[in-house]
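Take any residue in the sequence shown, note its place counting from 1, add 2, and you have its number in my numbering. To start, the structure itself, in structure tokens.
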Amino acid sequence: MFSNINNAWCTPQDFFDKLNKEFDFNLDPCATEKSAKCMKYFTATEDGLKQDWGGYRVFVNPPYGRQIGKWVKKCYEEGQKQNTLVVLLIPSRTDTRYFHDYILNKAE
């Protein structure tokens, strides 16, 4: 079983840089002041789940706890908006409801 005290796993910078080279992200909705990968970001205080991501190129590495399904749903919904790109970094858990509801046969 994987665990982290606060369920937040920081993305290694070199991994992010490779993705950013392809996607040119401009929003990180799951950030802390220290971990933000983009100039525009939301911390837990602003709650990225409650914010509008429309028109952004979004990099999402959400907390991997019980709320992960809410983040996957948010990514799916925001990704449907015009001129919005969402790249989601999550563990591969193909047996979950959120995978079947929002990723399988829906994501690239």
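Just so it is clear, CB atoms sit at the ideal spot from N, CA and C, and this is done for glycine as well. Owing to the predicted nature of the structure, the values given are computational and were not obtained by experimental measurement.
Closest by C-alpha distance to A33, out of G50, F18 and R59, is G50. The distance from the Cβ of L21 to that of V89 is about 6 Å, consistent with a contact at the 8 Å cut-off. In this structure, DSSP gives F61 an extended state, which the three-state scheme calls strand.
Beyond the five residues adjoining it in sequence on each side, F25 comes within less than 7 Å, by CB distance, of R59, L87 and V89 in the same chain, given in chain order.
In the structure shown, the three-state DSSP call for D30 is strand. Rounded to whole angstroms, the separation of the alpha carbons of G57 and K83 is 8 Å.
In terms of Cα proximity to Q69, the closest of A109, G81, E80 and I92 is I92. Within the same chain, P31, A33, G50 and Q53 come within 7 Å of F44 by CB-CB distance, once the 5 residues on both sides are set aside. Spanning the alpha carbons of A38 and G81 requires a straight line of approximately 20 Å. For L87, the enclosing beta strand (DSSP E) covers residues L87 to L90.
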